[in-house]
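Scroll down for the structure; my scribbles are underneath it.
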Amino acid sequence: MENQSQKWVNLCYAAAAFLLGFIVSSFCMKLAGVYDLETKIRNIEIIIRIVSIISGVVLFVVLYRNVEVNQFMNEVVTELSRVTWPTQKETSSATVVVIIMVIISGLLLGLLDYTWTAVV
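Note that the sequence shown covers residues 21 to 140 in my numbering.
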């Protein structure tokens with residue numbers, strides 16, 4: 021079980037690293053556009069991509085080597101495995117109820133809107 025939970029933990033670390041790399045890349049590209057760095061610095065796009073990749077790798081390594089974070093994430097995976105998830109029938113029933121209530125609410129709000137528009 022420990023090996024299986026560590027796979028999920030590592031996947032979460034990789035997702036966080038990818039997300040950070042994407043955010044850094046988007047932020048730097050926006051700054052490069054605002055300050056017109058494309059004309060001032062050659063190969064700015066390559067530099068931004070390298071910085072983004074390095075920031076993602078650094079985050080992954082920091083998370084992977086931090087014992088407290090690893091312990092916390094393993095506890096999260098363990099707790100998630102203990103959760104009793106609803107069956108497909110329960111989920112379908114709840115979805116139908118939500119759809120019906122949304123339709124009823126929409127009709128009531130439409131009726132109120134029509135009424136108040138006619139009055140005013």
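C-beta atoms are modelled at their ideal positions from N, C-alpha and C, and glycine is treated no differently.
Keep in mind that this is a model prediction, so the values were computed, not measured.
Counted within 10 angstroms of its Cβ, other Cβ atoms place residue i as buried (16 or more) or exposed
i   : result
Y33 : buried
F92 : exposed
L79 : buried
Sequence-distant residues of the same chain with beta carbon closer than 6 Å to residue i, five excluded per side
i   : result
W28 : V97
Own chain residues within Cβ distance below 7 Å of residue i, not counting five before or after
i    : result
S45  : I68, R69 and S72
A52  : E58, I64 and I68
T149 : The chain is shown only over 21 to 140; residue 149 falls outside these bounds and no answer can be derived.
Rounded distance between the beta-carbons of residue j and residue i, thought under 8 Å
i    : j   : result
A37  : V77 : 7 Å
G126 : S75 : That belief does not hold up - the Cβ atoms of G126 and S75 are roughly 45 Å apart, past 8 Å.
N86  : S25 : N86 to S25, Cβ: 16 Å. No contact.
Residue i versus residue j: straight-line alpha-carbon distance, rounded
i    : j    : result
E22  : L131 : 57 Å
I43  : I66  : 16 Å
A138 : I124 : 21 Å
D133 : V140 : 10 Å
V116 : R62  : 57 Å
L39  : R102 : 28 Å
Y84  : L31  : 11 Å
V122 : M49  : 41 Å
K109 : L128 : 29 Å
Y55  : V81  : 32 Å
T111 : I120 : 14 Å
W136 : V118 : 27 Å
Cβ shell of residue i (< 8 Å), same chain only, five flanking positions each side left out
i    : result
L100 : none
First and last residue of the uninterrupted alpha helix (DSSP H) at residue i
i    : result
D133 : Q108 to V139
R102 : V87 to R102
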